[in-house]
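Accompanying notes for the structure given below.
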Amino acid sequence: MELASKYDPKEVESKWYEYWLNHKLFSSKPDGREPYTVVIPPPNVTGVLHMGHMLNNTIQDILVRRARMEGKNACWVPGTDHASIATEAKVVARLKEQGINKTDLSRDEFLKHAWDWTHEHGGIILKQLRRLGASCDWDRTAFTMDEKRSESVIKVFCDLYNKGLIYRGVRMVNWDPQAQTALSDEEVIYKDEHSKLYYLRYNVVEEPGKYAVVATTRPETIMGDTAMCINPNDPKNQWLRGKHVIVPLVGREIPVIEDDYVDIEFGTGCLKVTPAHDINDHALGLKHGLQTIDIFNDNGTLSEAAGLYVGMDRMEVRKQIAKDLEKAGLMEKVEDYDNKVGYSERTNVPIEPKLSTQWFLKMQHFADLALQPVMDDDIQFYPSKYKNTYRHWLENIKDWCISRQLWWGHRIPAYYFTVNGKQEVVVAKSAEEALEQARKKDNAVTMEQLEQDSDCLDTWFSSWLWPISLFDGINHPDNEEINYYYPTADLITGPDIIFFWVARMIMAGYEYKGQMPFKHVYFTGIVRDKLGRKMSKSLGNSPDPISLIDQYGADGVRMGMMLSAPAGNDILFDESLCEQGRNFNNKIWNAFRLVKGWEVVDGEQPNACKLATAWFEAKLRTTNEEVNDLFAKYRISEALMVVYRLFWDEFSSWYLEMVKPAYGTPIDRTTYEATLKYFDVLLKMLHPFMPFITEELWQHLYTRAEGASIMREKLQIAEPTDADRTLTEDIEKVKQIVSGVRTVRNQKNISPKDELQLIAISNNNHAVYNDIITKMANLKGIEVTGEKPADAALFMVGTDEFAVPVGNLIDVAAELKKQEDQLKHLEGFLAGIKKKLANEKFVANAPEAVVALERKKQSDSEEKIASLRQSIAELKNKV
Numbered sequence: 001m002e003l004a005s006k007y008d009p010k011e012v013e014s015k016w017y018e019y020w021l022n023h024k025l026f027s028s029k030p031d032g033r034e035p036y037t038v039v040i041p042p043p044n045v046t047g048v049l050h051m052g053h054m055l056n057n058t059i060q061d062i063l064v065r066r067a068r069m070e071g072k073n074a075c076w077v078p079g080t081d082h083a084s085i086a087t088e089a090k091v092v093a094r095l096k097e098q099g100i101n102k103t104d105l106s107r108d109e110f111l112k113h114a115w116d117w118t119h120e121h122g123g124i125i126l127k128q129l130r131r132l133g134a135s136c137d138w139d140r141t142a143f144t145m146d147e148k149r150s151e152s153v154i155k156v157f158c159d160l161y162n163k164g165l166i167y168r169g170v171r172m173v174n175w176d177p178q179a180q181t182a183l184s185d186e187e188v189i190y191k192d193e194h195s196k197l198y199y200l201r202y203n204v205v206e207e208p209g210k211y212a213v214v215a216t217t218r219p220e221t222i223m224g225d226t227a228m229c230i231n232p233n234d235p236k237n238q239w240l241r242g243k244h245v246i247v248p249l250v251g252r253e254i255p256v257i258e259d260d261y262v263d264i265e266f267g268t269g270c271l272k273v274t275p276a277h278d279i280n281d282h283a284l285g286l287k288h289g290l291q292t293i294d295i296f297n298d299n300g301t302l303s304e305a306a307g308l309y310v311g312m313d314r315m316e317v318r319k320q321i322a323k324d325l326e327k328a329g330l331m332e333k334v335e336d337y338d339n340k341v342g343y344s345e346r347t348n349v350p351i352e353p354k355l356s357t358q359w360f361l362k363m364q365h366f367a368d369l370a371l372q373p374v375m376d377d378d379i380q381f382y383p384s385k386y387k388n389t390y391r392h393w394l395e396n397i398k399d400w401c402i403s404r405q406l407w408w409g410h411r412i413p414a415y416y417f418t419v420n421g422k423q424e425v426v427v428a429k430s431a432e433e434a435l436e437q438a439r440k441k442d443n444a445v446t447m448e449q450l451e452q453d454s455d456c457l458d459t460w461f462s463s464w465l466w467p468i469s470l471f472d473g474i475n476h477p478d479n480e481e482i483n484y485y486y487p488t489a490d491l492i493t494g495p496d497i498i499f500f501w502v503a504r505m506i507m508a509g510y511e512y513k514g515q516m517p518f519k520h521v522y523f524t525g526i527v528r529d530k531l532g533r534k535m536s537k538s539l540g541n542s543p544d545p546i547s548l549i550d551q552y553g554a555d556g557v558r559m560g561m562m563l564s565a566p567a568g569n570d571i572l573f574d575e576s577l578c579e580q581g582r583n584f585n586n587k588i589w590n591a592f593r594l595v596k597g598w599e600v601v602d603g604e605q606p607n608a609c610k611l612a613t614a615w616f617e618a619k620l621r622t623t624n625e626e627v628n629d630l631f632a633k634y635r636i637s638e639a640l641m642v643v644y645r646l647f648w649d650e651f652s653s654w655y656l657e658m659v660k661p662a663y664g665t666p667i668d669r670t671t672y673e674a675t676l677k678y679f680d681v682l683l684k685m686l687h688p689f690m691p692f693i694t695e696e697l698w699q700h701l702y703t704r705a706e707g708a709s710i711m712r713e714k715l716q717i718a719e720p721t722d723a724d725r726t727l728t729e730d731i732e733k734v735k736q737i738v739s740g741v742r743t744v745r746n747q748k749n750i751s752p753k754d755e756l757q758l759i760a761i762s763n764n765n766h767a768v769y770n771d772i773i774t775k776m777a778n779l780k781g782i783e784v785t786g787e788k789p790a791d792a793a794l795f796m797v798g799t800d801e802f803a804v805p806v807g808n809l810i811d812v813a814a815e816l817k818k819q820e821d822q823l824k825h826l827e828g829f830l831a832g833i834k835k836k837l838a839n840e841k842f843v844a845n846a847p848e849a850v851v852a853l854e855r856k857k858q859s860d861s862e863e864k865i866a867s868l869r870q871s872i873a874e875l876k877n878k879v
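With full-length UniProt numbering, letter number 385 in the sequence shown gets 385, and the count goes up by one each step, no holes.
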């Protein structure tokens with residue numbers, strides 16, 4: 001089949017992806033080869049591809065395709081996450097558009113809508129990954145709420161409960177008023193805010209006319225105040241000991257208590273204590289036996305218990321209460337104040353500390369399991385700087401709030417019933433098992449009396465089992481697949497989920513398999529725009545990945561992403577890098593067409609071609625060694641740059657020029673076949689990065705059998721020898737000699753078609769390569785002489801000196817104009833420097849180094865000007 005004159009990514013990409021799928025080239029089954037397993041960080045089932053996904057999945061695909069070519073049994077498992085909060089929010093919003101409130105529906109009715117949404121949107125992101133070239137084993141696609149994964153989650157919950165690691169209790173939790181659910185500490189993002197500090201007057205009951213002042217950022221919570229607290233060591237507030245104060249506007253009398261928790265320096269040293277709405281106040285409340293008044297509804301409006309502003313949103317209350325306090329003469333003053341405010345990671349609304357009955361997982365046991373393997377590098381982090389972040393979190397770990405007040409998710413397998421007026425609970429994998437357990441406590445319990453907990457589990461409680469549950473290792477711990485594919489090889493993820501996911505998968509791995517879930521973790525950076533801003537919908541600075549693929553081709557976009565993606569560092573994405581990727585595709589395509597267009601004859605191989613083929617073979621070996629080393633260090637973008645330069649600079653710019661026959665003449669078969677062989681190796685080296693164009697050209701390189709693919713080809717390159725290193729170093733010198741001659745042509749305006757003579761002064765250490773130098777520099781010949789010829793341009797390569805007699809070849813008029821233009825520019829530049837140095841203020845006040853630099857510029861310019869004037873005078877004599 002004839003190769004098109006131009007590369008068309010659309011035609012090539014769709015053709016080969018379908019071919020790969022039809023021939024099951026991504027599929028993996030356990031066999032005798034070394035396994036290489038990667039599990040996809042499951043994107044939200046309702047999501048679409050964004051630039052972060054593009055980067056993450058490009059890196060995974062590069063590693064998976066490379067592993068296949070190393071002869072490993074590569075298994076890349078795709079899947080999606082049910083994303084409880086995000087998905088439920090989308091379903092609730094759609095129902096609202098239809099005039100339906102969630103509260104109007106039964107749980108089963110709501111879940112039917114949620115499943116409809118999931119089936120409608122669930123496959124979008126995985127289909128988009130195919131456009132990128134992702135070589136996942138699609139037959140293994142999993143979902144965190146499919147049957148196997150759900151069964152695994154419930155089994156683990158029951159197991160941990162029976163081990164005494166899961167408990168239920170009333171605790172102060174982070175409450176998301178929009179999603180109306182508890183969150184774990186890790187799901188709270190703290191943001192710097194410009195707030196206000198309100199100084200409120202609390203009248204003292206025992207001393208009419210006197211008041212104590214409390215500074216607070218949250219005046220809307222005063223309806224929940226049940227005490228004022230002072231530090232017993234604070235001399236300025238001793239007069240308040242044993243007294244009572246009146247809560248402003250509310251009129252409630254509350255005691256003044258003492259505790260050294262209070263910061264004497266903050267505000268006035270008086271603290272309002274609201275046990276229901278602050279974790280530290282809650283601790284004070286428990287210690288001092290204070291009443292707890294919860295003044296908020298779940299949606300962040302004020303409840304009946306507040307007595308004031310009932311039904312109003314908390315943020316509106318803040319504005320209104322400030323006005324009302326001012327009007328009542330109970331506001332001392334208001335100051336600007338910078339503080340950190342906790343926001344829900346999912347809905348981006350300020351969280352509300354709230355007392356709530358929740359389920360928790362004890363984490364110290366898991367931290368003890370998971371810390372040492374990372375610290376000892378049994379599990380390696382790239383970059384290793386994230387080990388400190390990981391250690392800090394595990395050494396300061398808190399119990400994990402695992403329950404969520406949602407319907408979409410894995411329902412907690414706890415069942416409640418009443419025995420002799422007391423509520424009892426059993427935890428079981430099914431209602432039937434729960435009934436059996438319940439009857440051990442009271443034989444008269446019926447199925448109708450069992451009520452299952454209405455809460456769901458935190459989404460991360462399913463994804464922490466991901467590397468195990470994908471191979472059904474929880475339900476069937478000793479099955480063939482878990483024993484073969486686990487532990488997985490590489491995890492590619494962002495550092496923002498090091499706690500949510502990475503650490504917890506390590507914990508689950510050691511708890512349920514007794515070993516690590518993966519051997520290496522590669523942390524990608526955050527994709528930012530070229531101004532350094534994080535890409536987001538709100539800023540409108542994030543390009544649509546599919547549009548980029550339509551414009552530049554998948555290979556071009558993959559290359560654009562990777563050119564700017566060092567491990568762990570943020571990526572400053574610039575669309576021009578995708579254009580560079582597309583240009584590289586065109587370069588590869590055109591080079592291939594050039595080679596395949598040569599006429600081939602049997603005959604002796606010219607010496608220049610013999611030297612060139614020997615050099616490029618050595619170059620392939622030394623470069624492959626460098627690429628292997630970079631991959632071993634997970635410096636993947638650097639590995640791409642090395643292969644890119646190998647093709648663009650070494651192969652296209654040098655090797656092909658060395659062996660290319662003169663126009664209209666054939667090439668010898670030995671050189672041609674060597675060139676095809678090198679093209680084959682280069683395509684294999686490029687394939688993990690650029691799968692589509694490499695498959696297309698590899699298929700055109702030789703006649704291939706149906707079902708054959710470059711991705712199943714082994715890249716076999718021998719280790720470099722000392723002779724290879726010497727040869728590549730020699731050719732670097734040869735290139736410098738050729739470049740030296742070319743520079744002379746440019747400087748002297750000599751046509752590339754004019755043959756030149758090259759003279760080596762004293763000796764020629766590179767005579768063995770004369771044939772290449774002569775061809776590449778278009779020389780009549782190379783001679784050695786002990787004297788520098790007159791009227792010659794000189795250049796150095798290392799310690800060797802070369803001369804090019806230019807004589808009558810120079811276009812004197814053109815050269816004269818060029819040098820006169822240079823002289824004019826330099827004289828203007830020198831005048832500017834002199835003016836600066838004549839300014840006494842500049843010389844007196846500028847740093848010494850700056851003045852010295854300007855003086856150096858002056859002397860350099862004067863030297864160049866003198867040289868140019870002499871050269872111009874000589875040229876004028878020739879006119």
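We put the beta carbon where it would ideally sit given N, CA and C, even for glycine.
Here the structure is a predicted model, which means the values were calculated and not measured.
Between the CA atoms of residue j and residue i - distance to the nearest angstrom
i	j	result
Lys340	Pro353	14 angstroms
Asn237	Glu220	25 angstroms
Cys229	Pro177	28 angstroms
Glu732	Tyr644	18 angstroms
Gln870	Ala838	28 angstroms
Asp724	Phe573	38 angstroms
Val445	Val425	12 angstroms
Gly707	His700	14 angstroms
Gln60	Gln380	17 angstroms
Gly300	Tyr415	29 angstroms
Ala142	Leu470	7 angstroms
residue 915	Arg140	Absent from the model: residue 915. The displayed extent of the chain is 1 to 879, so no value can be given.
For residue i, three-class secondary structure by DSSP
i	result
Glu713	coil
Asn590	helix
Glu345	coil
Tyr36	strand
Arg411	strand
Element boundaries [alpha helix (DSSP H), containing residue i]
i	result
Gly556	554 to 562
Ala305	It is not in any alpha helix (DSSP H) - Ala305 carries neither H nor E in the DSSP assignment.
Arg100	The amino acid at residue 100 is misidentified as Arg; the sequence shows Ile. It is not in any alpha helix (DSSP H) - Ile100 carries neither H nor E in the DSSP assignment.
Glu783	That residue, Glu783, is in no alpha helix (DSSP H); its beta strand (DSSP E) goes 779 to 785.
Ile59	51 to 69
Residue i classed as buried or exposed, judged by whether at least 16 other C-beta atoms fall within 10 angstroms
i	result
Glu451	exposed
Leu126	buried
Thr613	buried
Met507	buried
Tyr702	exposed
Endpoints, beta strand (DSSP E) assigned at residue i
i	result
Trp115	Where Trp115 is concerned, there is no enclosing beta strand (DSSP E), although the alpha helix (DSSP H) it sits in stretches over 107 to 121.
Phe381	380 to 382
Lys196	188 to 204
Asp490	488 to 493
Arg171	166 to 176
Ser751	Here Ser751 belongs to no beta strand (DSSP E), and DSSP marks it neither H nor E.
Ile571	571 to 573
Cut-off 7 angstroms between Cβ atoms - residues of its own chain near residue i, not counting five sequence neighbours on either side
i	result
Ala86	Asn44, Thr46, Arg346
Ala134	Asn57, Asp61
Phe110	Lys102, Trp407
Same chain only: Cβ atoms within 8 angstroms of residue i, ignoring 5 sequence neighbours per side
i	result
Phe842	Lys836, Val851
Sequence-distant residues of its chain with Cβ nearer than 6 angstroms to residue i (five each side left out)
i	result
His282	Met172, Pro275
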